[in-house]
Structures are given as C-alpha cells and as structure tokens.
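Counting from 520, one number per residue, gives the positions in the sequence shown under our numbering.
Positions of the beta carbon are idealized from the N, C-alpha and C atoms, including for glycine.
Here's the structure we're looking at; comments come further down.
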Amino acid sequence: MAVRTTPSKPRVSLDRNIERMRKQLTEFAPFLGKGKPTRSLEEFDLEAERLIEELLGQTSDLLHAYEYAELGEAAGLVNMTDEAPEGTGMDSERQSLLQRGRVLESCVSELESRRSAGTKKSKVGRTLKGPQIAEHMSTEVRDLSQDASLRQAAQLMQEWKLGSLLVTDRQSYVGIITDSALTREVVAKGLDPNTTLVKSCMRTPVATIEGDRPIIEAVRMMKERATRHLAVTQDGQIIGVISVSNILRYYSGVA
C-alpha cells in the first residue's frame, strides 16, 4: 500500500519578502510629504511592526529600533536623552518620521543580505550589513575620579557639553555618571552636591559594546539594560561612548 505523505508547506521566498518590505517603505513616503497618506500613521505603524516581526522575528533588533523611533514622536526622545541638548534643525516629530524610514530601509537591506547569504535563518545583528557603532560614537572619552564631588561632575559636564562621564578609581573605569542621575540624587533626594561623592551615585558596572557591531545592537542593549549610554570597546579597551543622541542622529539622517 502506498504511503501518503503530506506535502510540505511552501516556503515564502526571500524575493517575496523583500517585495513586501519595499512596498511598506513606498507606502511610508506620503508621511514625509511625498503624497497624501491613505491611512493614519498609527495604522501604518501597527502594520509595519507586524511585518517586521513576521519577516525578521519577534526579537529582531530592527523591531526594537522601529518601536524606539515611534517613541521619538510620542515622547520627544531628543529631550529624553541624558545628553545635553544638541540642535538638529528639526522638530521631534520630523525626526521620528525620518527614523522610521531609516529602520524600514535597514529591514530591506537585512532581507537582501539574507538572500545574498543564501540562508533564511541567519540572525539579525550577526548578518546585518550597515553602519558600525564606532562610526557614530563620540570619540572623546571624558572621565573623572569616583572621589570627585557631584558639583565637580556637573561642572565638567557643562564645560564639555556632555550628558555623561566615565568614572575611574585611578586605575580603571568603574562606573558612569549621567546628568539625569545628578538630577535624581541632588534634587529629588536633597543631597548636598558639594559633599556627596560621585561614587555614591554612579552606575556600575560600565555597560560596554564592541565598536564593530551594527548600530541597532546598541539600541537593543540600551533597552535591555535601561541605559542611554554605552562605552564602546576595541580589543578590550574603551575607545568611545555611544548615546541615544548619537543613535537618533543616525536614524534621523543627521550627520
């Protein structure tokens, strides 16, 4: 007796997936003023999230990046960062829209990369072709002693126009202090900035990421660790710092 076999479910080709993502990108153009949108931005976002999740996976860094871009419009990410304000000449809504567009372009690039590699199960973040973290980090590594006062930390941040400083014990980096931490500790808790030491308010350990990793991996790590600053390393040495401000400038297309 012949044995019946159930035919396997046809696999959706990467060509088809790339076509669907490109169509989504095309439908986004009207929100940037290139035509009249046929639906609300909220409806578009829901469809975009669903498509990214379907084609790239629920844990995709690009899905995180798109969600991050949406928050830019709703909460004004530029004003939420720990960085000192840096004008880009665009309002937060416009920046958020540009960020969405860059993420969708990255989705197309990732699918094309998978097709070129000939593998449908390659991991996002390991196969992604795109800008590296080191290309968009701040190369100046500023630090101060853990025994410095909070007032000294605030004065240095103001002088150097930074939102964070690495903290040292004179031998190695042991933490990071941010201007938002200063606000929480000094204002909310009523501490004396002249006598309170940095080591009592710094965040430890220093969160690090390799400079040759794709920039969207920094987005994922920031979300996972609830931080807006990451020290960037090369061969075990810190060579820079990447912040939410750096990432937003990239996704907004601002040099």
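Excluding the 5 residues preceding and the 5 following residue i in the sequence, name in chain order all residues of the same chain whose CB lies nearer than 8 Å to its CB.
| i | result |
| --- | --- |
| Leu-582 | Glu-568, Ile-571, Glu-572, Leu-575 and Gly-576 |
| Arg-722 | Gly-694, Ile-695, Ile-696, Thr-697, Ala-700 and Thr-746 |
| Ile-728 | Ile-652, Glu-736, Ala-737, Met-740, Leu-749, Ala-750, Val-751, Thr-752 and Ile-761 |
| Glu-589 | Asp-564, Ser-615 and Arg-619 |
| His-655 | Ile-734, Ile-761, Asn-765, Ile-766, Arg-768 and Tyr-769 |
| Leu-716 | Gln-665, Asp-666, Ala-667, Ser-668 and Leu-669 |
| Val-706 | none |
| Glu-678 | none |
| Tyr-692 | Asp-662, Leu-685, Val-686, Val-725, Ala-750 and Ile-757 |
For residue i and residue j, which I take to be in contact (beta-carbon distance under 8 Å), what is that distance rounded to the nearest angstrom?
| i | j | result |
| --- | --- | --- |
| Ile-695 | Leu-685 | 6 Å |
| Glu-704 | Leu-669 | 7 Å |
| Met-740 | Val-763 | That pair is no contact at about 12 Å. |
| Gln-543 | Leu-623 | 6 Å |
For residue i, which residues of its own chain have a beta-carbon under 6 Å away from its beta-carbon, when the five flanking residues on both sides are left out?
| i | result |
| --- | --- |
| Arg-634 | Leu-533 |
| Pro-556 | Pro-549 and Phe-550 |
| Pro-650 | Ile-734 |
| Ala-673 | Leu-701 |
| Asp-754 | none |
| Tyr-587 | Val-738 |
| Arg-517 | Because the chain spans 520 through 774 in this model, residue 517 falls outside it and cannot be assessed. |
| Asp-688 | Gln-665 |
What residues match up with residue i in a beta bridge as DSSP calls it?
| i | result |
| --- | --- |
| Arg-722 | Ile-695 |
| Ala-750 | Thr-727 and Val-760 |
| Ser-657 | Val-760 |
| Gln-651 | Pro-733 |
| Leu-716 | Ser-668 |
For residue i, which residues from the same chain have a beta carbon less than 7 Å from its beta carbon, with the 5 sequence-adjacent residues on both sides left out?
| i | result |
| --- | --- |
| Arg-541 | Val-627 |
| Asn-536 | Leu-574 and Leu-630 |
| Thr-578 | none |
| Leu-463 | The structure shown does not extend to residue 463, since the chain is modelled only from 520 through 774, so no value can be given for it. |
| Lys-553 | none |
| Met-520 | Any reading at Met-520 must be qualified, since the residue scores a pLDDT of 39, below 50, and its modelled position is unreliable; the value itself is stated next. If we look at Met-520 and ignore the five residues flanking it on each side, it has no Cβ neighbours. |
| Asn-713 | Ser-668 and Arg-670 |
- prompt: Counting only runs that start and end within the region 659-695, where is the beta strand (DSSP E) found for 3 or more residues in a row?
  reply: Taking only runs of at least 3 residues, the beta strand (DSSP E) segments lying wholly in the region 659-695 are 662-664 and 683-687.
message: Counting beta carbon pairs with one atom in the region 754-764 and one in the region 658-671, are three or more of them shorter than 8 Å?
response: In short, these stretches touch, since the Cβ pair count reaches three.
task: Can you check the region 536-592 for any alpha helix (DSSP H) of at least 4 residues that lies completely inside it and give the ranges in chain order?
output: If we require 4 residues or more, the alpha helix (DSSP H) runs fully inside the region 536-592 come out as 560-575.
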